[in-house]
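*Asks:*
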Amino acid sequence: MTTLDELFVRLREATTPTEIETLQNGIWQIWLTTDDLLLDKHLEAGMRALAAGNYTQAIADFTTLIELRPTYAEGWNKRATAYYLRGEYRASLDDVRETLRREPRHFGALAGWANMLRAIADDRGTLRVLLRLEALCPHWPGLQGQLREVRDQLGELDD
30 MTTLDELFVR LREATTPTEI ETLQNGIWQI WLTTDDLLLD KHLEAGMRAL AAGNYTQAIA
90 DFTTLIELRP TYAEGWNKRA TAYYLRGEYR ASLDDVRETL RREPRHFGAL AGWANMLRAI
150 ADDRGTLRVL LRLEALCPHW PGLQGQLREV RDQLGELDD
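Be aware that the sequence shown starts at 30, since it is given in this note's numbering, and climbs by one per residue.
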């Protein structure tokens with residue numbers, strides 16, 4: 030069995046989109062494991078509600094999950110996604126921060142955060158978050174182009 034730390038080491042070294050996707054999927058599998066049937070029930074219900082576009086129900090399920098296990102980063106991340114899709118960006122950003130407090134390497138939360146910062150034209154903030162993502166996976170598809178665009182916006186030269 031590969032550990033989360035091993036997957037992140039391999040992700041940092043990965044260069045092809047297929048390899049990166051495979052490693053990300055392995056990481057997601059670990060992140061989505063609660064080892065608790067009650068937590069799994071709320072996670073699965075929330076994910077079904079999210080997929081169905083019932084964001085209010087998804088938020089309720091993920092909130093219950095967070096209340097039952099506040100240390101579980103993926104509960105916070107999933108609720109951040111539901112808030113984002115419902116248009117509640119401040120609540121989403123708050124949950125992204127909670128996700129990253131529990132799992133600083135959460136590339137999904139970082140990518141979402143960068144998208145939100147980009148949408149509000151916070152180029153400096155976007156650059157900081159994208160650099161954190163680059164530290165995890167320098168060959169993330171499209172990342173170098175995003176970094177160039179943000180640096181151009183800021184009038185900075187590439188390092």
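Yeah, the Cβ is synthetic: ideal placement off N, Cα and C, and Gly gets one too.
Note that this is a predicted model, so its numbers are computed, not measured.
If we ignore side chains and look at the alpha-carbon of each, how far apart do Trp169 and Arg157 end up?
*Replies:* So the alpha carbons of these two residues sit roughly 16 Å apart.
*Asks:* Compute the distance between the beta-carbons of Ser121 and Ala140, then report whether it is under 7 Å.
*Replies:* No.
*Asks:* For Gly171, which three-state DSSP category applies?
*Replies:* Three-state DSSP puts Gly171 in coil, outside helix and strand.
*Asks:* Taking 7 Å as the cut-off, decide whether the C-beta atoms of Gly36 and Ile56 are in contact.
*Replies:* Note on identity: in this sequence residue 36 is Leu, with Gly being the wrong assignment. Closer than 7 Å, so yes.
*Asks:* Using three-state DSSP, classify Tyr101 as helix, strand or coil.
*Replies:* Three-state DSSP puts Tyr101 in coil, outside helix and strand.
*Asks:* Tell me the residue span of the alpha helix (DSSP H) that contains Thr51.
*Replies:* That run of the alpha helix (DSSP H) goes 46-60.
*Asks:* Tell me the rounded alpha-carbon separation between Leu172 and Asp90.
*Replies:* The alpha-carbon atoms of Leu172 and Asp90 are separated by roughly 32 Å.
*Asks:* Output the distance between the C-alpha atoms of Asp65 and Arg131, rounded to the nearest integer angstrom.
*Replies:* C-alpha separation (whole angstroms): 18 Å.
*Asks:* I believe Thr128 touches Ala143 by the beta-carbon criterion, under 8 Å. Please report the beta-carbon distance rounded to the nearest angstrom.
*Replies:* At roughly 14 Å, the Cβ-Cβ gap does not stay under 8 Å, so Thr128 and Ala143 are not in contact.
*Asks:* Check this for me: beta carbons of Ala18 and Leu61, under 7 Å apart or not?
*Replies:* With the chain covering only 30 through 188, there is no way to say anything about residue 18.
*Asks:* Pick helix, strand or coil for Arg119, following the three-state DSSP scheme.
*Replies:* Correct three-state label for Arg119: helix.
*Asks:* How long is the line joining the alpha carbons of Thr47 and Arg41, rounded to whole angstroms?
*Replies:* Distance between the alpha carbons of Thr47 and Arg41: 14 Å.
*Asks:* Can you say whether Gln175 is buried or exposed, counting buried as having 16 or more other CB atoms within 10 angstroms of its CB?
*Replies:* Label assigned to Gln175: buried.
*Asks:* Pick out whichever of Gln58, Arg180, Arg115, Leu160 has its Cα sitting closest to the Cα of Glu103.
*Replies:* Cα-wise, what sits closest to Glu103 is Gln58.
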